[in-house]
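Peer 1: Sequence lines, in order, name chains A and B.
If you count by our numbering, then the first sequence holds residues 5 to 376, one letter each, in order.
If you count by our numbering, then the second sequence holds residues 1180 to 1474, one letter each, in order.
Using N, Cα and C, we set each Cβ at its ideal position, and we do this for glycine too.
Computed from a predicted model, the values in this text were never measured in an experiment.
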Amino acid sequence: MGRILFAIMALLIAAAPAIAADPIVLGAYLSMTGNVAAYGGMGWDGITIAKKMEPEVLGRPVEVKLVDTKSDKVESANAVSRLIEKEKVVAIIGEMISGNTLAGADHAERRKVPMVSPTATNPLVTQGRKYIFRVCFIDTEQGDVGAKLATEQFKAKTAALIYDIQQDYSVGLATFFKREFTKAGGKIVSETRFKSGDRDFTPQLSSIQALNPDIIYAPIYYTETALLAKQAREMGLKAPILAGDGVQAPELIELGGPAVEGIYFTTHFHRDMVDNPRGKKWLELFKQEYGKEADAFTAMGADAYFIVLDAIKRAGSTDPQKIRDALVETKDFEGVSGKITMKPNGDPIKAMVLNKVQDGKFAFVRTIPPQQ
Amino acid sequence: MDAGFFVQQMIFGLTLGCFYGLLAIGYTMVYGVLRLINFAHGDLLMVSAYIAYFAIVIFYIPWPVGFGISLVLTALLGILIDRGAYRPLRRSPKISALITAIGISFLLENLAVVIIGGRPKTFPTPPLFEGVISFAGLSIPRLSIWVMFVTIVLLMMLLWILRYTRIGMAMRALSRDVETVRLMGVDADRVIAFTFALGSALAAAGGILWCMKYPALEPFMGVIPGLKAFVAAVLGGIGNVMGAALGGLILGVGEILIVAIWPDWSGYRDATAFSILIIILLTRPTGIMGEDLPD
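Structure, rendered in structure tokens:
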């Protein structure tokens, strides 16, 4: 027994130099549990496959340290501190949602470690910060496109807004939609709010029902959207629902069932639009590994990983400052979710996608080209 | 505002209130006998929902049996929590038991995260509880009727147990003076265990109905209802069963009416609910039906 152990150890020691070039450590802080756990789970799946595809850079293996934020802002801030202080990461991926990214961003900014968020769309996330980036469009654009869809496609003259006061994403997107919708001659007839974790929306929906709007704009997350749609349809409220990128989780359909059929939403990605080799290979690997099709948050997680690796490659160094400088220079990078060109402020120029829920699936409607 | 709208909101409010009431009774019963705020109580709602979910979805057990299993197992879990976490601390300062309760709450939540995972699951609602009854311009979810019916039946049963059975008498006696009751030859620990079982079973009933009404099962689903139910228990006068039920109804109806009548105030839903609590406690420090219990 002892001899076998000894032999194994000797083998391990002999094999060690071959595998153990010092790894490059990246950090990821994602909501793996809690109210928006689906986003973190999907983001992590995407990163995992991306890492499988490109497991090393500069001849060194890449390691990604994951910290769960429990969908909570305080935990998010702690996670970033821990990744930088304890794990000594050179770049950070995360968070999936705006509120948590805002909570974590200042820590990364202060310690000058670059951070790339897959899907935090609130404009404030990168504002005034040099080290914070994202691979998604921002909510001023999303609100604008949402308002155009409402007035042009749905011919809506009146709209009801319902949003989550606890989420920066939700409040921001609602505000931008309202601004653009009003500008286009529409009227917001009702504006109701709730708080993350609320499960009963019947009073809000009753007040909306009484005003009979042409459309309901609900820039909220998937669990709430599913329950809201269910309760709305149950009380006979038939107005179409338009949503943002926050609803694109399989849970929306699982929890909402037939009630979420016909919901339109603006988002980052649909697998039918992938047209570059990196994206195609990633999609294939994803399907092989998980036996299901990839969705927006997985693709965005992957893109955040790819873009960080690309920056490290171009910087030729693992110095956070140099990675940051290379990230800003990103131009026409072929990501899974399309071409990414970074603007100096850390926001990319990105196309948007319109999807709808049809026959219990997310169906691709069309791509909306970038605004500027 | 027309009467139909008001009645409709009252139905929604009473439904929500019944949930709070069912949970609040559990808080109040445990507080009555132990002077302990059992913070793990809300999480029992989550546990019961998952047990019912797994029984029906994974083990293909017919739903009435699945619900029964959930009730029994949750009651047993209540006894187990008391036996393992609270009984060893009976003679310790109250604050120790309180902190243990918070610990048990975290334990249950995080166990669920580790074992089941954090992503929400839907609940296979049996067709009997689905659908809406349209009546005189109102739309009444069938489940609302069930919720009210179950709450009333369970409340009646509980009051009967407390009033007319020996164990109920023992529970009432315990809430007055533990030492004297012990001296009279009553097995206090057995009575306390029974109290936990009863409270937990009520939480389980609430939990199963809750996840049929709001079908999103996740490990932290019990936190907010638990908190609201605690408020309801204090509102009604903690230690008093009828008070807890009443507190739940007031809170539920209040929350719904505030949002329905003043939609612009919908963001202040919780703030308003807690303001009601503060005002009632200022005027009646022991709650609506509470009496000064000996410490």
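#1: Note down, one range per segment and in chain order, each beta strand (DSSP E) of at least 3 residues found wholly within the region 1203–1268 of chain B.
#2: Taking Cβ-Cβ distances shorter than 7 Å, what residues in chain A pair up with Thr1301/B?
#3: From the DSSP output, in three-state form, read off Ala95/A for me.
#4: Which residues in the same chain have their Cβ closer than 8 Å to the Cβ of Val193/A, if we skip the five residues on either side of it in sequence?
#5: Give the residues of chain A in contact with Gly1446/B, contact being defined as C-beta atoms less than 7 Å apart.
#6: Which residue from Leu1430/B, Leu1377/B, Ser1313/B, Gly1347/B puts its Cα closest to that of Leu1406/B?
#7: What residue does the alpha helix (DSSP H) around Glu3/A start on, and which one ends it?
#8: For a contact defined as C-beta to C-beta under 7 Å, what are the partners of Leu231/A on chain B?
#9: Just how far apart, CA to CA, sit Glu99/A and Phe205/A?
#10: Which class does Gln362/A belong to by DSSP, given the choice of helix, strand or coil?
#11: Helix or strand or just coil, what does DSSP make of Ala247/A?
#12: Leaving out the 5 sequence neighbours to the left and right, which residues in its chain are closer than 7 Å to Trp286/A when beta-carbon positions are compared?
#13: Where do the N-terminal and C-terminal ends of the beta strand (DSSP E) with Arg133/A fall, by residue?
#14: Tell me, which residues are paired with Glu67/A by DSSP?
#15: Tell me, to the nearest whole angstrom, how far the beta carbon of Ile1281/B is from that of Phe1218/B; I am working on the premise that it is less than 8 Å.
#16: Please classify Ser1323/B: does DSSP put it in a helix, a strand, or coil?
#17: From what residue to what residue does the beta strand (DSSP E) around Asp168/A run?
#18: Please list, in chain order, the chain B residues whose beta carbon lies closer than 8 Å to that of Met36/A.
#19: Please classify Met1363/B: is it buried, with 16 or more other beta-carbons within 10 angstroms of its beta-carbon, or exposed?
#20: Starting from Arg1282/B, trace the alpha helix (DSSP H) both ways and give me its first and last residue.
#21: Can you name, in chain order, every residue of its own chain whose Cβ lies under 8 Å from the Cβ of Lys284/A, other than the five neighbours on each side?
#22: Can you tell me whether Gln362/A is buried or exposed, with buried defined as 16 or more other CB within 10 angstroms of its CB?
#23: Using a C-beta cutoff of 8 Å, does Pro1320/B count as contacting chain A?
#24: If I measure Cβ to Cβ from Lys1392/B and keep anything under 6 Å in the same chain, skipping five residues before and after, which residues do I get?
#25: In chain order, what residues of the same chain have a beta carbon less than 6 Å from the beta carbon of Ala107/A, not counting five sequence neighbours either side?
#26: Would you call the region 366–375 of chain A in contact with the region 1386–1403 of chain B, where contact means no fewer than 3 C-beta pairs closer than 8 Å?
#27: What is the rounded straight-line gap between the Cα of Gly295/A and the Cα of Asp276/A?
#28: Quick one: is Asp1261/B near chain A, going by C-beta distance under 8 Å?
#29: Helix, strand or coil, according to DSSP, for Ala1367/B in the structure here?
#30: In or out: Ala1315/B buried (at least 16 other Cβ within 10 Å) or exposed?
#31: Select from Val1212/B, Phe1409/B, Met1189/B, Leu1223/B the residue whose C-alpha is nearest the C-alpha of Phe1373/B.
#32: Just checking: is the beta-carbon of Gly47/A within a distance shorter than 8 Å of some beta-carbon in chain B?
#33: Alpha carbons only, please: which of Lys191/A, Asp336/A, Asn359/A is nearest the one belonging to Val264/A?
#34: Rounded C-beta distance between Gly1415/B and Ala1423/B? I'm assuming under 8 Å.
#35: Looking at chain B, is there any beta carbon in it that lies within less than 8 Å of the beta carbon of Pro223/A?
#36: Could you give the C-beta distance for Phe1375/B and Asp1261/B, rounded to a whole number, given that I count them as a contact under 8 Å?
Peer 2: Checking against the coordinates, here is how it stands:
#1: none
#2: Glu258, Leu259
#3: Correct three-state label for Ala95/A: strand.
#4: Thr162, Ala163, Ala164, Leu215, Pro217
#5: Ile169, Arg197
#6: Nearest C-alpha to Leu1406/B: Leu1430/B.
#7: Here chain A has residues from 5 to 376 only, and residue 3/A is not among them.
#8: Contact note: Leu231/A reaches chain B through Tyr1393, Ala1395, using a C-beta cutoff of 7 Å and chain order.
#9: 27 Å
#10: strand
#11: strand
#12: Ile53, Ala54, Met57, Ala306, Val340
#13: Careful: Arg133/A lies outside any beta strand (DSSP E) and carries neither H nor E.
#14: Val29/A
#15: 5 Å
#16: helix
#17: Annotation: the continuous beta strand (DSSP E) that includes Asp168/A extends over 162–168.
#18: Gly1297
#19: exposed
#20: For the sequence presented, residue 1282/B should be read as Gly rather than Arg. Looking at the DSSP string, the run of the alpha helix (DSSP H) that includes Gly1282/B is 1273–1295.
#21: Val278
#22: exposed
#23: yes
#24: Leu1322
#25: Lys77, Ser80, Ala81
#26: Here the region 366–375 of chain A makes no contact with the region 1386–1403 of chain B; the two share fewer than three CB pairs at distances below 8 Å.
#27: 17 Å
#28: For Asp1261/B, the nearest beta carbon of chain A is not closer than 8 Å to its own beta carbon.
#29: Correct three-state label for Ala1367/B: helix.
#30: Ala1315/B comes out exposed.
#31: Val1212/B
#32: no
#33: Asn359/A
#34: 5 Å
#35: no
#36: 4 Å
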